[in-house]
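Input: a single structure, listed below in structure tokens.
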Amino acid sequence: MHKWFQLPIIEGLSSKQAHCDLPHDSFERECGREGFYGPATHMYHQHPPTGWLSWQGNHKPRAFDALALPQSGNTPWDAPLLLSNADLKLRLWQTSKNMDHLVRNGDGDELLFIHQGRGDLYCDFGHLSFSEGDYIVIPRSTSWRIETTSHVSLLMIEATNNSYRNVDRGIVGEHAIYDPAILEYPTINAAFKAQQTEESWQLLLKARNQINVIGYPFNPLDAIGWKGAVTVLKLNWRDIRPLMSHRYHLPPSAHSTFSANNFVVCTFVPRPTESDPHALKVPFFHSNNDYDEVIFYHQGDFFSRDNIKPGMITFHPCGFPHGPHPKALKSSQQKPKPFTDEVAVMIDSRNPLDIGSNIDKVELHDYVHSWRDTTHNNHNE
Ligand SMILES: [Fe+2]
Numbered sequence: 001m002h003k004w005f006q007l008p009i010i011e012g013l014s015s016k017q018a019h020c021d022l023p024h025d026s027f028e029r030e031c032g033r034e035g036f037y038g039p040a041t042h043m044y045h046q047h048p049p050t051g052w053l054s055w056q057g058n059h060k061p062r063a064f065d066a067l068a069l070p071q072s073g074n075t076p077w078d079a080p081l082l083l084s085n086a087d088l089k090l091r092l093w094q095t096s097k098n099m100d101h102l103v104r105n106g107d108g109d110e111l112l113f114i115h116q117g118r119g120d121l122y123c124d125f126g127h128l129s130f131s132e133g134d135y136i137v138i139p140r141s142t143s144w145r146i147e148t149t150s151h152v153s154l155l156m157i158e159a160t161n162n163s164y165r166n167v168d169r170g171i172v173g174e175h176a177i178y179d180p181a182i183l184e185y186p187t188i189n190a191a192f193k194a195q196q197t198e199e200s201w202q203l204l205l206k207a208r209n210q211i212n213v214i215g216y217p218f219n220p221l222d223a224i225g226w227k228g229a230v231t232v233l234k235l236n237w238r239d240i241r242p243l244m245s246h247r248y249h250l251p252p253s254a255h256s257t258f259s260a261n262n263f264v265v266c267t268f269v270p271r272p273t274e275s276d277p278h279a280l281k282v283p284f285f286h287s288n289n290d291y292d293e294v295i296f297y298h299q300g301d302f303f304s305r306d307n308i309k310p311g312m313i314t315f316h317p318c319g320f321p322h323g324p325h326p327k328a329l330k331s332s333q334q335k336p337k338p339f340t341d342e343v344a345v346m347i348d349s350r351n352p353l354d355i356g357s358n359i360d361k362v363e364l365h366d367y368v369h370s371w372r373d374t375t376h377n378n379h380n381e
């Protein structure tokens, strides 16, 4: 049995409420444990916590232009690995072709996020069309394939030896953020029945991270019906109605969308900016001391970052603070936008992530220096 030390200490100059009423000319840094769920201390600094001038070593903030990664084939198992550990595997797959085979992930649930394009998913449970902005949760060992009607790029997030679940809605109840009734699932419709032929099909089973090729003399997607609670589910980010507060900058965990052991997937969607003059209006500087943080930028103006475009990924391993870029911080203080229109997918991983072998080829090597303040006047008002 163990529990955290929990005693609120105030030392020196401090606000009594996080992210509001900062001491004059100070920069707040949240030092948190267990993501945004555990105990934390809010530090008030005289300089931006990201104000380093130089950095030697590889454990640093990194950014990658994931869409620029070369793709090698028309099976999702060819998709280059971006980041991984024992709990998850993040890949980005781009294709313009219909799959001529089925795949099945025996290693864990798969979460797809459609960054670009549209098409049709055929799986054990039936047919489901998809388009940009859809999440698709595929339970472990489901057989599936896609047909594309345009170039498709999608994130694949494997919950290794694990499963995706809904997040605990806590005091806001089961219908906040999105009502489960909005989730779509595959149906045994005319399109599904039309592909049920006696032609031979191959299935690429990924198990123990190795590919097995299984041949059938018929199409194994031959179900005539099913009953139960295990199926493929689809959610578009446009159906997420985000929690917000006009007086308090909510932490990223308020935007949690899917949960698995040791990591969580959050979605940042358009919302009004905080209107209270004393509240922070950009993400607060934080040392998320136990989690590695990955953000995939989908669309919109990424309001806390400079020089980030759709399709990029930032990776902030734990061990140092990150936060808004100087220009974004300054404009949030002087002339805050009334609305943020960014759409991004965040993965917060409890265990350290490793970088894929080829991803360094699309790295933006100057990202570690992107917090350099060239304005020399970015103190809080
Ligand atoms: Fe963060």
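First residue of the sequence shown? That's 1 in full-length UniProt numbering, and the numbers climb one at a time after it.
By construction, the Cβ of each residue, glycine as well, lies at the ideal position given by its N, Cα and C atoms.
Bear in mind the structure is a predicted one, so any value in this text is a computation, not a measurement.
| message | Just checking Glu293 against ligand 1 - is the residue's beta carbon closer than 6 Å to any of the ligand's heavy atoms? | response | Mapped onto the sequence shown, residue 293 falls at position 293. Glu293 Cβ: within cutoff of ligand 1.
| query | In the DSSP assignment, what are the bridge partners of Gln202? | reply | Within the sequence shown, numbered from 1, the residue matching residue 202 stands at position 202. According to DSSP, which records beta bridges pairwise, Gln202 is partnered with Gly215.
| query | When burial is assigned at 16 or more other CB atoms within 10 Å of the CB, is Leu13 buried or exposed? | reply | Walking along the sequence shown from the start, residue 13 turns up at place 13. Under this definition Leu13 is an exposed residue.
| field | Every unbroken alpha helix (DSSP H) inside the UniProt domain "Homogentisate 1,2-dioxygenase C-terminal" (252 to 373) [4 residues or more] | value | Uninterrupted alpha helix (DSSP H) stretches at least 4 residues long and entirely within the UniProt domain "Homogentisate 1,2-dioxygenase C-terminal" (252 to 373) occur at 326 to 334, given in chain order.
| query | For Ile224, which option in Ala190, Glu293, Ser131 and Leu81 has the closest C-alpha, if you only look at C-alpha atoms? | reply | Looking up residue 224 in the sequence shown gives position 224. When only C-alpha atoms are compared, the closest one is Ala190.
| query | Does the distance from the C-beta atom of Leu204 to that of Gly106 stay below 7 Å? | reply | Reading the sequence shown from its first residue, position 204 is the one you call residue 204. Reading the sequence shown from its first residue, position 106 is the one you call residue 106. In this structure, Gly106 does not lie closer than 7 Å to Leu204 by Cβ.
| task | Measure the beta-carbon distance from Ala159 to Ala86 and round it to whole angstroms, keeping in mind my assumption that it falls under 8 Å. | result | Start at 1 with the first residue of the sequence shown, and residue 159 comes out as number 159. Start at 1 with the first residue of the sequence shown, and residue 86 comes out as number 86. Wrong, their Cβ atoms sit about 11 Å apart, outside the cutoff.
| Roughly how many whole angstroms lie between the Cα atoms of Trp4 and Ile10? | Counted from its first residue, the sequence shown places residue 4 at position 4. Counted from its first residue, the sequence shown places residue 10 at position 10. Distance between the alpha carbons of Trp4 and Ile10: 18 Å.
| Using DSSP with H/G/I as helix, E/B as strand and the rest coil, what is Ile171? | Position 171 of the sequence shown, counted from the start, is the residue given in the question as residue 171. Helix, per DSSP.
| message | Short of 6 Å in beta carbon distance, which residues of its chain neighbour Gly196, apart from the five on each side in sequence? Order them along the chain. | response | Walking along the sequence shown from the start, residue 196 turns up at place 196. The question names Gly, yet the displayed sequence has Gln at residue 196. Excluding its 5 nearest sequence neighbours in each direction, Gln196 has C-beta neighbours in its own chain below 6 Å: Asn219 and Asp222, listed in chain order.
| query | Are at least three pairs of beta-carbons, each pair with one atom in the region 308 to 319 and one in the region 61 to 69, less than 8 Å apart? | reply | yes
| query | Per the contact definition of three or more C-beta pairs closer than 8 Å, is the region 337 to 348 in contact with the region 269 to 279? | reply | yes
| message | Give me the residue from Arg372, Met346, Val362 and Tyr291 with the minimum Cα distance to Ala328. | response | Here residue 328 is taken as the residue at index 328 of the sequence shown, counted from 1. Ala328 has its Cα closest to that of Arg372, out of Arg372, Met346, Val362 and Tyr291.
| query | Relative to the alpha-carbon of Asp292, which residue among Asp21, Glu34 and Asp25 has its alpha-carbon at the smallest distance? | reply | As a working note, residue 292 is residue 292 in the sequence shown. Closest option to Asp292, Cα to Cα, is Glu34.
| field | For Lys193, the first and last residue of its enclosing alpha helix (DSSP H) | value | Here residue 193 corresponds to residue number 193 of the sequence shown, with the count starting at 1. Ala190 to Ala194 is the extent of the alpha helix (DSSP H) around Lys193.
| message | Taking the beta carbon of Gln6 as the centre, do at least 16 other beta carbons fall within 10 Å, making it buried, or is it exposed? | response | Stepping through the sequence shown from its first residue, residue 6 is reached at position 6. Gln6 comes out exposed.
| When DSSP labels each residue in this structure, what does Glu381 get in the three-state scheme? | Numbered from its first residue, the sequence shown carries residue 381 at position 381. At Glu381, the pLDDT of 31 sits below 50, so the modelled position is not reliable; the number obtained from the coordinates is stated separately. Reduced to three states, the DSSP call for Glu381 is coil.
| request: Using 10 angstroms around the beta-carbon of Arg169, count the other beta-carbons present and answer buried if the total reaches 16, otherwise exposed. | output: Within the sequence shown, numbered from 1, the residue matching residue 169 stands at position 169. Exposed: under 16 other Cβ atoms inside 10 Å.
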